[in-house]
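Heads up: the sequence shown begins at 34 in this note's numbering, then just goes up one per residue.
To start, the structure itself, in structure tokens.
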Amino acid sequence: MAPHSLKDTALAGFREDLTGDVLVPDDPGYDEARTVFNAMIDRRPAVIAQCASEEDVALAIRFGRDHELPIAVRGGGHSVAGMALNDGGLVVDLRRMNTAEVDREVRTVYLGGGATISDMDRATQPYGLATTGGRASTTGVGGFTLGGGSGWLERRCGLACDSLVSVDLVTANGDFVHASGDENPELFWALHGGGGNFGVATAMTLRLYPLPSFAIVLLLYPPEAGTDVIRTYRDLMESAPDDAGGGALYLTAPPEEYVPEHLVGQLLCGALVTYAGTEAQARAVAKPLLDIAHVAEVITELPYADFQCMLDDPPGLRNYWSAEYLDAFPDEAVDLFCNRAADMIVPSNSQHVLFPLGGAVARSGTDYPVPWRGAPWAVHPFGLWENASDDERGKKWVRDFRADVQPWSTGAVYLNFIGREGGERVVAGFGAGNYRRLAAVKAQYDPDNVFRLNHNIEPAQEP
34 MAPHSLKDTA LAGFREDLTG DVLVPDDPGY DEARTVFNAM IDRRPAVIAQ CASEEDVALA
94 IRFGRDHELP IAVRGGGHSV AGMALNDGGL VVDLRRMNTA EVDREVRTVY LGGGATISDM
154 DRATQPYGLA TTGGRASTTG VGGFTLGGGS GWLERRCGLA CDSLVSVDLV TANGDFVHAS
214 GDENPELFWA LHGGGGNFGV ATAMTLRLYP LPSFAIVLLL YPPEAGTDVI RTYRDLMESA
274 PDDAGGGALY LTAPPEEYVP EHLVGQLLCG ALVTYAGTEA QARAVAKPLL DIAHVAEVIT
334 ELPYADFQCM LDDPPGLRNY WSAEYLDAFP DEAVDLFCNR AADMIVPSNS QHVLFPLGGA
394 VARSGTDYPV PWRGAPWAVH PFGLWENASD DERGKKWVRD FRADVQPWST GAVYLNFIGR
454 EGGERVVAGF GAGNYRRLAA VKAQYDPDNV FRLNHNIEPA QEP
């Protein structure tokens, strides 16, 4: 439905009823409100509802349905596919609902549906508590967690969804539903990886874990050392304690104080060891990497919430990402990984990444719809560049790299790491058996598939 087809009287009533603000294309602030992280996404919704409460969310959903508007839901706006926006529809914008309240006695944090990773981490840091958050502080907690939630602390604390205590949801009918292990347990199961398919998460409670200290070892190497670095990183992480995490990658050397000026803008190989503990413990784990000659280093103990902001990528760049989850990462795969780095756009903010899983991720013992959790390794070609003229080159690098590692791919994938890659990849993100069970939950809570601007689960049809 085009913006002009909404009657002025309908909009006036919606503005009056909503506690938050209603923006349409001619309003001041509209263009800022429709901007998302990925500069490839340029969409013009008919209406943006900047909700301030769960009642606002219910009102917005009913308004959208009454006027036959497609509905998108925005938390952080970090979806690489731009799923937080649409053309000519309604956006339910949750960013004003960013409450983050810690209960230190029971070690939980209560989060509004628009809270970001930074909101969560800044609230929990003073209590020496944390839970798995995303690797960018500006990511929305809601989409991150409901999609599974992979981050630096996952080997110690499990995936973010593993820490879910409860979720408050507004359904496609505008009803308020609470989901937990005791209340609506099948919906609660579906929210552990099923994403935003079942309603709008207006609040959630997550379990927290003690994190009295946190340390990192970040080392940068000349690219020709890459094979040695990646193999060493692989070997040390295969026997590392669960408190250790991080990743190995190729990147463009950033203009930071710790990088020699003559290397800025050049391709480098990097290794990051994160440690839920002290600097001495991090150094001990990272010793094999420290023994390899490197050109830059950052070794420090620091607040976890501060680290979470250190590696944020700036908004406004063109984004194209994907991922593969691997059941092994032998030397042949290492060689392909290192060779393909030469195709990455340099200079750019792109990263050619290897992540270790294992630890608490693999040991969870749950049946949640996250079939990728058993893989020991993930590769994540994370493309960010400035110019549209680089689009084809950047996309080809991502696709070619995925093809390289197919011999070791489990076939499962973390959907938060990918854009729109077709229905088969969506099923791969949940697992075929899980997908059928999710489709039944979808049919119960969203039979008309109102919430379809996502990695979509189609409602099961009546037999």
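Quick reminder that beta carbons are idealized off the backbone N, C-alpha and C, glycines included.
Handout entry: C-beta contact flag for S355 and F450 at 9 Å
Key = In contact: S355 and F450 (Cβ atoms closer than 9 Å).
Exercise for the section: Could you spell out the range, first to last residue, of the beta strand (DSSP E) harbouring A366? Expected result: In the DSSP annotation of this structure, A366 is not part of any beta strand (DSSP E); the continuous alpha helix (DSSP H) holding it starts and ends at 364-373.
Practice task
Leaving aside the five residues before and after S112 along the sequence, list all residues of the same chain whose C-beta is less than 6 Å from its C-beta, in chain order.
Solution key: Residues of the same chain with their beta carbon placed closer than 6 Å to that of S112 are lacking, with the five preceding and five following residues left out of the count.
Handout entry: Sheet register partners of S28 (DSSP bridge)
Key = With the chain running from 34 to 496 in the structure shown, residue 28 is simply not present.
Exercise for the section: If I'm right that T171 touches D64 with Cβ under 8 Å, what's the distance once you round it to whole angstroms? Expected result: Their Cβ separation, rounded to whole angstroms, is 19 Å, which puts T171 and D64 out of contact at 8 Å.
Problem - D364 versus T285 - alpha carbon distance - result: D364 and T285: Cα-Cα distance of roughly 24 Å.
Handout entry: Reduced DSSP secondary structure (H/G/I, E/B, other) of Y468
Key = Shown here, Y468 sits in a helix according to DSSP, grouped into three states.
Exercise for the section: State the beta-bridge partners of M566 as determined by DSSP. Expected result: The shown model of the chain, from 34 to 496, leaves out residue 566, and the question about it has no answer.
Handout entry: Three-state secondary structure (DSSP) of D126
Key = If DSSP states are grouped into helix, strand and coil, D126 belongs with the strands.
Handout entry: C-alpha gap between I74 and R155, whole angstroms
Key = Rounded to the nearest angstrom, the two C-alpha atoms are 29 Å apart.
Exercise for the section: Name the two residues that bound the continuous beta strand (DSSP E) containing D54. Expected result: Looking at the DSSP string, the run of the beta strand (DSSP E) that includes D54 is 54-56.
Exercise for the section: Using only alpha-carbon positions, find the residue among G166, D89, A45, L123 that is nearest to V80. Expected result: Closest by alpha carbon: L123.
Practice task
Work out the CA separation of D152 and V181 for me, nearest whole Å.
Solution key: A quick correction: the sequence has Gly, not Val, at residue 181. Computed Cα separation, rounded: 19 Å.
Practice task
Spell out the partners DSSP gives H211 in its beta bridges.
Solution key: The partner list for H211 (beta bridge, DSSP) reads D201.
Problem - Three-state secondary structure (DSSP) of V386 - result: The answer is strand: DSSP assigns V386 an E or B state.
Handout entry: Boundaries (first-last residue) of the alpha helix (DSSP H) holding L92
Key = For L92, the enclosing alpha helix (DSSP H) has its first and last residue at 87-99.
Exercise for the section: Compute the distance between the beta-carbons of A236 and V200, then report whether it is under 9 Å. Expected result: Contact: yes.
Practice task
Report yes or no: do the stretch 415-433 and the stretch 389-402 share at least 3 C-beta pairs separated by less than 8 Å?
Solution key: Segments in contact, no.
Practice task
Identify the continuous beta strand (DSSP E) that holds I249 and give its terminal residues.
Solution key: Boundaries of the beta strand (DSSP E) harbouring I249: 248-254, taken from the DSSP string.
Problem - Member of A304, E289, G303 whose CA lies at the smallest distance from the CA of I297 - result: It should be pointed out that residue 297 corresponds to Val in this sequence rather than to Ile. Comparing Cα positions, the closest option is E289.
Problem - Close Cβ partners of F362 (< 6 Å) along its chain, the five nearest in sequence each way excluded - result: Excluding residues within five positions, the ones whose Cβ falls inside 6 Å are R267, W410.
Exercise for the section: Would you identify the three-state DSSP class for R107, choosing helix, strand or coil? Expected result: In this structure, R107 counts as strand in the three-state DSSP scheme.
Exercise for the section: Compare the beta carbon distance of Y143 and C190 with 9 Å and say whether it is the shorter of the two. Expected result: Cβ distance not < 9 Å, so Y143 and C190 don't count as in contact.
Problem - CA-to-CA distance, P404 to A317, given in whole angstroms - result: About 32 Å.
Practice task
Look up A319 in the DSSP assignment and say whether it is helix, strand or coil.
Solution key: When DSSP states are grouped into helix, strand and coil, A319 belongs to the helix group.
Handout entry: Contact belief for L118 with R168 at Cβ below 8 Å, rounded distance in angstroms
Key = Here L118 is actually not in contact with R168; their C-beta atoms are around 23 Å apart, not less than 8 Å.
Handout entry: For N489, three-class secondary structure by DSSP
Key = Note: N489 maps to coil in three-state DSSP.
Exercise for the section: Return the first residue and the last residue of the beta strand (DSSP E) that T285 is part of. Expected result: Residue range 277-285 is occupied by the beta strand (DSSP E) that includes T285.
Practice task
Quick one: grab the DSSP three-state call for Q83.
Solution key: Q83 sits in a strand when the DSSP states are folded into three classes.
Practice task
Report the three-state DSSP secondary structure of M34 (helix, strand or coil).
Solution key: For M34, the predicted structure reports a pLDDT of 39, less than 50, and the residue's modelled location is therefore unreliable. A value from the coordinates is still provided. Looking at M34 - three-state DSSP - the assignment turns out to be coil, as it is neither helix nor strand.
Handout entry: Beta-carbon proximity check, G166 vs Q341, cutoff 9 Å
Key = A contact, by the Cβ cut-off of 9 Å.
Handout entry: Pairwise C-alpha distance: L56 and H4
Key = Not covered by the structure: residue 4. The range shown for the chain is 34 to 496.
Handout entry: For N131, the residue or residues it bridges with in DSSP
Key = Answer is none; N131 lacks a bridge partner.
Problem - CA-to-CA distance, D433 to A445, given in whole angstroms - result: Between A445 and D433, the C-alpha separation is close to 18 Å.
Exercise for the section: Taking 9 Å as the cut-off, decide whether the C-beta atoms of F70 and G110 are in contact. Expected result: Contact: yes.
Exercise for the section: For I332, name the three-state secondary structure that DSSP assigns. Expected result: In the structure shown, the three-state DSSP call for I332 is strand.
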